[in-house]
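To keep things clear, I will list the structure first and then write my remarks on it.
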Amino acid sequence: MASRIASLCGVLATVFVIYLIAPTEGKPFPAPDLKLCSYAFNSTEGCCTLPAPPGPVKKFDFKPRLPMRVRQAAHLVDDAYIAKYQKAVELMRALPETDGRSFTAQYRLHCAYCNNHLHFPENEYPLEIHQTWLFLPWHRLYLYFHERILAKLIGDDTFALPYWNWDNQDSTQNPLPNIFPKVYQDNNTYFANPINKTSPLFDPLRNACATQSVPPRLVEFQDVVGIPCIPKNPEAVRLENAHLLWTQFLSGGPTPLTFHGAPYRFGDYGGVGMGTLEARPHGPVHIWTNVIKMSTNKDSASDPIFFSHHANVDRLWEMWKTLPGKYRKDISDPDYLNTEFTFYDEDGEQVSVCVKQALDLDLLRYKYTNSSADWVENGAVSKAAGPQWKHCNPNATAADDDALIAATPAFNGFLFVKSAPTTFKLKREPYRSELHGEELLELKGKLDWHQRHLQNIFVFLPNSTYETTSIGCLEFIGNMFSFPHPGMSPDLQPELTFRFGIRRKLEVMGRANLTEIVITMVGENAAPPFIAGEAGFNLTSAKIVYSKN
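Residue numbers -26 to -1, 1 to 523, in mature numbering (1 follows the signal peptide of the UniProt record, and there is no 0), belong to the letters of the sequence shown in order.
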């Protein structure tokens, strides 16, 4: 009975959450009609899938008789698995693009949802998946149906996508988890009688710095695209990555909205604020992997490694709920739970599914193998190494902090922020109980909607720069990130709000008792031809707040 009720979208699905949240006017997104897909504002992209099959859109229901599928780490799959996976994708690529199960239709579906090609007759703005609380559940369901299509094409209900274990910084594993996995990088075919002699999982446009490097280059979360293939010390990369993961997951994203992203309801314009996971490490891995395809919403899903990348994002969402903290739980807002999406199922038919149905992996009949996540232990690369935090400010004594606080102006209600360091101080309440909520830095800015904005944010590091100051520094506390793409709502310059936790990082720094902290924001410089750089914006508010959400 419980699973049956849980499978329903709409009013009945709110009965379990009404005690958690005050009733509000219901404004979830209805399931979009794929036939209403059209060109997005200021775009000539052809992202719409071709005419959907006739007949009504099915309502998704769970399939409890399916076997439990196990998603394995991509670097550990064997040749038999590679053969099966290659065969499934070859069959998918061979389907005509008029078939919703085809590889072309599948990656176009990502573009349609994520580059704002889906419209509602009664809504002024197109649907937007990125930079909102819909980012994680939409991608989970997208992978679910993609995986089910592949399984049916090869007649194997146990088939599951692999996850690219790029968060694992363990240097003792062989093969390494945080390089391009063989399953995607080997261009040979592993199954009999292929249509083509090359792997359908291979893409020649991936990061040449990594694919041609000996030894292999590690995935990097410090996304400085303009710097060419300069070799970096692998141990330094591992440490920087581990520190970034701890900062984003343990410190920066301690509440549902800081981690998932900003609320987004029917009638809203989208892209109002991304969560810590979407910002980093998700974003930099896209760019590091394939800056030609995976830095755009249009073509991201046309590289098969996209699905393995997002399988790891999905796994990390599950892991986040097990980390220390009082408020790490799924969002309980009815407008979130009852928002619906439309996909193509394994039979090529349209099916509508709501966010509530995406929250229980047991009901979706898949799980993940365990893997090392030593970074959870205070940013450690490995258990043997232990935490290795370092101050990047050589003047990091209490007396130096006092002098810096005294010399720094308080935020005055308005600052123009660009790439050069912008420094100000804020008051905080160091002894406020966690029962009042997590301590968050809240920044608001009037951003030009169609320009790129990326700021790294540090405490007690006024001389930081975007390009040369490591995100592995103890002083790094988070980032502001908003990226333009075709189809975004026209002619808007909204005030966006960014929030992330800071208390845990201040504790590690030994600064948790201070009543004032010094904040420095540094923007990304231009890096042609791919990155326009920080365009500049008006910072209208900066303060410390306390929230359970």
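All residues carry an ideal CB built from backbone N, CA and C; glycine is no exception.
Treat the numbers as computed from the prediction; the structure is a model and nothing was measured.
With a cutoff of 8 Å on beta-carbon distance, ILE261 and GLU413 are scored as not near each other. Taking the Cα positions, ARG114 is about 10 Å away from GLN331. Residue PHE176 holds the alpha-carbon nearest to the alpha-carbon of GLN60 among GLN105, PHE119, TRP107 and PHE176. Annotation for HIS93: LEU10 and PRO100 place their beta carbon closer than 6 Å to its own, counting only its chain and skipping 5 residues before and after. Scanning its chain for C-beta atoms nearer than 8 Å, with the 5 sequence neighbours on each side dropped, one finds around TRP294 the residues PHE223, GLY227, PHE233, LEU251 and ARG302, in chain order.
Contact between LEU389 and LEU470 does not hold, since their C-beta atoms are separated by about 15 Å, which reaches or exceeds 8 Å.
In this structure, the straight-line span from the alpha carbon of ALA166 to that of ALA216 is close to 41 Å. With a 10 Å radius around the Cβ and a threshold of 16 neighbouring Cβ atoms, CYS203 comes out exposed. DSSP lists no beta-bridge partner residue for ALA48. Looking at the DSSP output, PHE450 sits in a beta bridge with PHE432. Taken through DSSP and simplified to helix, strand or coil, ARG289 comes out as helix.
Around the beta carbon of ASP144, 16 or more other beta carbons sit within 10 angstroms, so the residue counts as buried. In the displayed model, ASN512 falls within a strand according to three-state DSSP. Taking a C-beta distance under 8 Å as the contact criterion, LEU117 and ALA380 do not qualify as a contact pair. The shortest C-alpha to C-alpha distance from PRO395 to any of TRP363, LYS401, VAL433 and ASN386 is the one to VAL433. Here DSSP, grouped into helix, strand and coil, assigns ILE261 to helix. Contact between ASN148 and ALA47 does not hold, since their C-beta atoms are separated by about 13 Å, which reaches or exceeds 8 Å. Only buried fits LYS399, as 16 or more other CB atoms lie within 10 angstroms of its CB.
In the three-state scheme derived from DSSP, where H, G and I count as helix and E and B as strand, HIS104 is classed as coil. Taking C-beta atoms under 8 Å as the contact rule, CYS22 and HIS91 qualify, at a distance of about 6 Å. Cα atoms of PHE240 and TRP107: separation of roughly 13 Å, rounded to the nearest angstrom. Contact between the stretch 61 to 69 and the stretch 299 to 316 is absent: fewer than 3 CB-CB pairs across the two stretches fall below 8 Å. For the beta strand (DSSP E) assignment, the uninterrupted runs of no fewer than 3 residues enclosed by the stretch 350 to 438 are, from N- to C-terminal side, 389 to 391, 396 to 401, 412 to 420 and 427 to 433. Non-local beta-carbon contacts of SER456 in its own chain, meaning distances under 6 Å to residues more than five positions away in sequence, involve LEU421 and HIS427 in chain order. In its chain, beyond the 5 residues on either side, PHE398 have a beta carbon closer than 8 Å to the beta carbon of ASN386.
One alpha carbon belongs to LEU338, the other to MET42, and they sit about 9 Å apart.
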